[in-house]
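The structure appears below as structure tokens.
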Amino acid sequence: MNNFEHADATTIADAISLLASNGSSVPIAGGTDLLTQIKLGLIKPGRLVNLKTIPCLDLITVVNNGLNIGALANLDTIANNSVVRGQYPALIKAIEVTASPQLRNSGTVGGNLAQGPRCWYYRGQFQCWMKGGERCYARNGENSHHAIFGNGRCNQVHPSDLAPVLIALGAEINIEGIRGRRTIPLSDLFQIPHEGSWQLTILDPGEIITMIHLPTPVSGIRSTYFKAMERKVWSFALASVAVQLVIEDGVIRNPVIVLGGVAPKPWRLPKSEESLRNQTINREVITAAAETAVEGAQPLNANHYKIPLVKGILTEVLSDILGLNQ
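In this note's numbering, the protein residues as written are 6 to 331.
Printed below as a string of structure tokens:
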């Protein structure tokens with residue numbers, strides 16, 4: 006581990022200034038992923054800028070058009086918030102299967118969204134493409150947990166449980182940096198790593214996530230999250246699915262489906278959504294949506310199982326949310 010400075014920020018503006026004044030500065034909040042990456046030598050900061058000393062960045066606030074969640078709110082606090090429990094049950098389900106109770110008590114929502122790759126080649130002693138090497142070792146190596154969509158120079162899968170469900174719920178985020186504040190749909194935060202940008206997000210150096218906004222649920226809305234794991238608890242997703250839709254007189258409106266654990270970023274399924282839109286609830290439309298979900302998949306040699314897995318969990322989730330399993 007290299008030597009680095011440590012600075013406590015007192016305001017967002019102070020944090021941005023501290024990050025900008027040292028080219029290798031890195032923000033830290035819960036630190037559950039960052040400290041591991043530093044110990045592994047994946048990140049070598051010249052300065053750590055502590056965000057937890059900034060007041061109010063951990064608040065959860067009801068507003069006229071929904072709910073604002075400060076980026077420093079830890080997962081346990083979010084899961085125990087009465088408004089979240091009452092209006093956003095899918096988010097509760099995602100948090101309950103994220104990491105261990107100890108990590109949920111320290112890990113923040115902002116950190117969960119911005120965490121680094123969990124690929125064992127990236128975290129191991131391999132000079133992979135994500136670390137400046139020439140190739141992705143997973144492509145022809147041990148790739149049972151790797152991507153079946155969005156495969157390219159890097160075949161890791163995005164590790165966040167919260168990202169798919171928050172995207173399905175229509176979340177927006179506030180980002181602040183030296184260019185000022187910008188508000189974007191959460192789905193726009195993520196990118197597939199490519200030449201010139203090896204990051205999992207579009208965050209510029211020195212930019213920080215400050216808030217997540219969730220819109221107020223409308224009448225008839227239903228949402229859920231399901232995660233298939235290798236172990237029963239505290240494991241990253243082999244595949245996961247987040248769904249939100251509205252039921253209006255037995256007709257499906259405004260469906261949103263987002264997969265996790267299958268691509269380098271949360272993977273939305275617009276064709277499956279379109280196959281459900283304005284359809285009367287029945288098993289045939291569910292089957293069609295599940296079949297469409299895996300179109301374009303490009304599995305590697307050891308992860309073909311993810312194709313039937315995605316179809317199976319999406320079928321089960323849709324059957325449940327549409328009331329066909331009752």
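A virtual CB, placed ideally from N, CA and C, is assigned to each residue, including glycine.
Q: Measure the CB-CB distance between V299 and I312 and report whether it falls below 8 Å.
A: yes
Q: Specify, as a first and last residue, the run of the beta strand (DSSP E) that P3 falls within.
A: Residue 3 is absent from the structure shown; the chain starts at 6 and stops at 331.
Q.
Taking 8 Å as the threshold (beta carbon to beta carbon), is L327 in contact with chain C?
A. Looking at the structure shown, chain C is missing, and only one protein chain is on hand.
Q.
Does the contact criterion of 3 or more C-beta pairs under 8 Å hold for the region 139-146 versus the region 216-230?
A. no
Q. Mind checking L194: buried by the 16 CB within 10 Å criterion, or exposed?
A. buried
Q. Helix, strand or coil: how does DSSP classify S280 here?
A. Helix, per DSSP.
Q: Under the assumption that I65 contacts A84 (Cβ atoms under 8 Å), give the Cβ distance between them as a whole number of angstroms.
A: Actually they are not in contact, since the Cβ atoms of I65 and A84 sit about 11 Å apart, beyond 8 Å.
Q: Starting from the Cα of P164, find the closest Cα among A152, P190, A173 and give me that residue.
A: Put simply, of A152, P190, A173 the residue whose alpha carbon is nearest the alpha carbon of P164 is A152.
Q) Taking DSSP as the reference, what is the three-state secondary structure of Q249? A) strand
Q) I think A244 touches L264, with their Cβ atoms under 8 Å apart; what is that distance to the nearest whole Å? A) 7 Å
**Q.** C-alpha gap between I59 and I74, whole angstroms
**A.** Just so you know, the alpha carbons of I59 and I74 end up roughly 15 Å apart.
Q | Bounding residues of the alpha helix (DSSP H) (the contiguous stretch that carries S111) | A | First-last of the alpha helix (DSSP H) with S111: 106-111.
Q | Backbone CA spacing between S228 and L281 [nearest angstrom] | A | 15 Å
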